[in-house]
């Protein structure tokens, strides 16, 4: 058996080595380069390009240069599928990444299954991608929604053991699922939910919920509002004097660079769980932030960092497999550990979800500061993928 | 009993009082709308955007160091000529077409879209917020109310009373009402009707600007903020009787209380459908609204 494999390897090396050295490894990137999600697509692109440049300068992957082929998916699953098909069938890419919204990732995952290729998302949060809708051809290198709330919940009960928690979410799928996830997590750690409210999206006035909020006398408020809604919620709470003696925490999209200045002092102390922060204190991250800033004149965010790490994930997997063949690379990716600016990540074999250290950040003086780190194993949650 | 007191103190009373402050805010926005409709017979779809312009003016002048109290005078004073120019330059041109309702509605709708995008280009898409001019909160029988909201209620009611007084009790108001009732008769008696029209439109726009100054600290400032209140304001105007100041006040305070109290019983997502159903019902049963039109018997 060993002999056959060795002979096979030898044959491959002998007959294809010249072609391998000449042909680049092609990675397709289907990402939104226009429209609402363009800023995210931009970060994905910059992260991938920076890592590719570094890998190529150091000799490529198994002596082959890496080439990125970009396609605009317009954050539309139908367009994403079309562009992915083109990259797989016409351009013959070896690997594909870049999808941002979860619908595109799920749809392109099916395309990859048909084409017999592998894809990875570096952005999509939806838990379903690596739980009930998992696919043997789809990997996720970024943290899913559940990991963020697990890290946050662990931190909250450390600050306020047996806390009374009030939950407030926007009344649609994302709002309800984030609140339900956090509630389950924090309840499991000994906290007591004392009330929950779902406000319509784009609510003008949150004061109508303040009565319930005061009556419940919570020590912690969890919210998953976003954009203007957060501005109104937090500033109106401040006007009503509700922020004193209350720890406010929320989803990762609740307070962002877009709305933090409008919220002003009312954002002070707000905490959330994240997979990345430029403040993470390790040499790899410091180098990454400096290089990224030098190349793009802007700080990397979560999406840039996770996309950067993906290239090193693929490189490690191909070098371990000594091939770009789908089945061999898939086997190599499972249980693979690799280094990223966020620390060591490990790809869980059972559901293709990366395990990574999670961070809790808190607003202090108008900017997020890292206040705590939660080990990857404590934040990952059970493997719920039943397909493979 | 304590359970009820707790419910009253923490839920019912605050709900009604914050409902009242929202009601005053809506009436302030609807006031200009109803006056413009009552007099000019123009449905001003750009009214929400004039409200946004007022808020942005307050925001930028505030950051430049102008005090909030001065803004209450400066912003309406700047909006007045702006409204005058819009009426003379745009609305007057299509006003005498036979299908006036359609053309003015489309014109102001288009104007609103343009203004919204211009705001986005100048100020960017991110939400901004001026600081709250009066901080702190007072305790009224155990119900906590921020001082600025209290000020908003009192000042808003004063503005509404002043506008009602001008329209109904002064000679200027009589001229305006005369021009609304019968423009030809008023013109033949020496009333400069087209000037009155432009002036009234400008007055309505200035009121929208004033509402922008007052509400910016509470509801924050962003390019699409004009759409925020406009549907509610239209509902108030229709239920109250288009052009009636009294009707606007009554309907505005009533509807916001309906909204505040209904959201205690059913999910707050239903409060908009409930309000719009009231409006539809009103249009079917009593199309002229609770009170009649301005200047009409």
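Protein chains in written order, with my numbering: chain A, 1 to 388; chain B, 1 to 297.
Yeah, the Cβ is synthetic: ideal placement off N, Cα and C, and Gly gets one too.
Values in this document were obtained by computation on a predicted structure and should not be read as measured data.
Neighbour flag for residue i against chain A, beta carbons, 8 Å
i, result
"residue 11 of chain B", "yes"
"residue 269 of chain B", "yes"
"residue 297 of chain B", "Note on residue 297 of chain B: pLDDT 41, under 50, position unreliable in the model; no value is reported."
"residue 18 of chain B", "yes"
"residue 260 of chain B", "yes"
"residue 122 of chain B", "no"
"residue 128 of chain B", "yes"
"residue 180 of chain B", "no"
"residue 56 of chain B", "no"
"residue 2 of chain B", "no"
"residue 132 of chain B", "yes"
"residue 222 of chain B", "yes"
"residue 197 of chain B", "no"
"residue 208 of chain B", "no"
Reduced DSSP category for residue i - H, G, I as helix; E, B as strand; rest coil
i, result
"residue 210 of chain A", "helix"
"residue 347 of chain A", "strand"
"residue 35 of chain A", "coil"
"residue 185 of chain B", "helix"
"residue 358 of chain A", "strand"
"residue 19 of chain B", "helix"
"residue 161 of chain A", "coil"
"residue 139 of chain B", "strand"
"residue 380 of chain A", "coil"
"residue 330 of chain A", "helix"
"residue 8 of chain A", "The pLDDT assigned to residue 8 of chain A is 47, lower than 50, so where the model puts this residue is not dependable, and the model offers no usable value."
"residue 373 of chain A", "strand"
"residue 339 of chain A", "strand"
"residue 288 of chain B", "coil"
"residue 175 of chain A", "helix"
"residue 95 of chain A", "strand"
"residue 193 of chain A", "strand"
"residue 10 of chain B", "helix"
"residue 364 of chain A", "strand"
"residue 145 of chain A", "helix"
"residue 273 of chain A", "strand"
Chain B contact for residue i (CB, 8 Å cutoff)
i, result
"residue 232 of chain A", "yes"
"residue 97 of chain A", "no"
"residue 259 of chain A", "yes"
"residue 43 of chain A", "no"
"residue 16 of chain A", "Residue placement at residue 16 of chain A cannot be trusted, given a pLDDT of 46 that sits under 50; what the coordinates show is reported in the next sentence. Answer no: the Cβ-Cβ gap between residue 16 of chain A and chain B never drops below 8 Å."
"residue 12 of chain A", "For residue 12 of chain A, the pLDDT reaches just 46, beneath the cut-off of 50, and the residue's location in the model is therefore unreliable, although a value from the coordinates is still provided. Not an interface residue."
"residue 210 of chain A", "yes"
"residue 228 of chain A", "yes"
"residue 251 of chain A", "no"
"residue 72 of chain A", "no"
"residue 204 of chain A", "yes"
"residue 215 of chain A", "yes"
Beta-ladder partner(s) of residue i, from DSSP
i, result
"residue 183 of chain A", "Answer is none; residue 183 of chain A lacks a bridge partner."
"residue 138 of chain A", "A/119"
"residue 67 of chain A", "A/26"
"residue 222 of chain A", "A/167 and A/249"
"residue 60 of chain A", "Its beta-bridge partners do not exist; DSSP assigns none."
"residue 41 of chain B", "Residue 41 of chain B is not bridged to any residue."
"residue 144 of chain B", "B/139"
"residue 198 of chain A", "A/169"
"residue 72 of chain A", "A/31"
Heavy atom of the ligand GDP within 7 Å of residue i beta-carbon
i, result
"residue 6 of chain B", "For the structure depicted, the ligand GDP is absent and the ligand set is empty, with no information on it obtainable."
### Message
Three Cβ pairs or more, each shorter than 8 Å: is that satisfied between the region 128–138 of chain A and the region 30–50 of chain A?
### Response
Because the criterion of three Cβ pairs below 8 Å is not met, the region 128–138 of chain A and the region 30–50 of chain A do not touch.
### Task
Please list the segments of the alpha helix (DSSP H) lying wholly inside the region 229–271 of chain A, counting only runs of 4 or more residues, in order along the chain.
Whole alpha helix (DSSP H) segments, 4+ residues: 260–263.
### Task
Would you check if the region 45–60 of chain B and the region 95–112 of chain B touch, i.e. whether three or more CB-CB distances between them fall below 8 Å?
The region 95–112 of chain B is in contact with the region 45–60 of chain B.
#### Entry: Touch test, the region 233–246 of chain A against the region 172–182 of chain B, Cβ-Cβ under 8 Å, three pairs minimum
The count of Cβ pairs closer than 8 Å, one atom from the region 233–246 of chain A and one from the region 172–182 of chain B, stays below three, leaving the stretches out of contact.
### Query
Are the region 75–94 of chain A and the region 112–127 of chain A touching, with three or more C-beta to C-beta distances below 8 Å?
The region 75–94 of chain A makes contact with the region 112–127 of chain A: 3 or more CB pairs, one atom from each, lie closer than 8 Å.
### Query
Does the region 152–160 of chain A touch the region 173–190 of chain A, meaning 3 or more C-beta pairs lie closer than 8 Å?
Yes, the region 173–190 of chain A is in contact with the region 152–160 of chain A.
### Query
Which residue spans inside the region 59–136 of chain B form an unbroken alpha helix (DSSP H) run of at least 4?
Counting only runs of 4 or more, we get 68–86, 92–95 and 100–123.
### Query
Using 8 Å as the Cβ pair cut-off and three pairs as the minimum, do the region 231–247 of chain B and the region 69–81 of chain B touch?
The region 231–247 of chain B vs the region 69–81 of chain B: no contact.
### Task
Examine the Cβ distances between the region 154–174 of chain A and the region 198–207 of chain A and report whether three or more of them are shorter than 8 Å.
Using a Cβ-Cβ distance cut-off of 8 Å, the region 154–174 of chain A and the region 198–207 of chain A are in contact, since at least three pairs of beta carbons, one from each stretch, lie closer than that value.
#### Entry: Touch test, the region 257–266 of chain B against the region 7–18 of chain B, Cβ-Cβ under 8 Å, three pairs minimum
Contact holds: three or more Cβ-Cβ distances are below 8 Å.
#### Entry: Whole alpha helix (DSSP H) elements within the region 221–281 of chain B, 4-residue minimum
Runs found: 226–240 and 245–265.
### the region 56–64 of chain B touching the region 127–146 of chain B, judged by at least three CB pairs closer than 8 Å
In short, these stretches touch, since the Cβ pair count reaches three.
### Query
Counting pairs of beta carbons, one from the region 133–152 of chain A and one from the region 267–278 of chain A, are three or more of them closer than 8 Å?
Contact between the region 133–152 of chain A and the region 267–278 of chain A is present, because at least three Cβ pairs lie under 8 Å.
### Task
Taking 8 Å as the threshold, find out whether the region 255–273 of chain A comes into contact with the region 361–370 of chain A through three or more Cβ pairs.
The region 361–370 of chain A and the region 255–273 of chain A touch, with three or more beta-carbon pairs separated by less than 8 Å.
### Task
Report yes or no: do three or more beta-carbon pairs, one from the region 259–269 of chain A and one from the region 284–298 of chain A, lie closer than 8 Å?
In this structure the region 259–269 of chain A does not touch the region 284–298 of chain A; the number of beta carbon pairs closer than 8 Å is below three.
### Task
Inspect the CB distances between the region 76–92 of chain B and the region 204–211 of chain B and report whether three or more fall short of 8 Å.
Below 8 Å, enough C-beta pairs join the region 76–92 of chain B and the region 204–211 of chain B to call them touching: three or more.
### Query
Between the region 26–35 of chain B and the region 240–255 of chain B, do at least 3 Cβ pairs fall closer than 8 Å?
Flag = yes, the region 26–35 of chain B and the region 240–255 of chain B touch.
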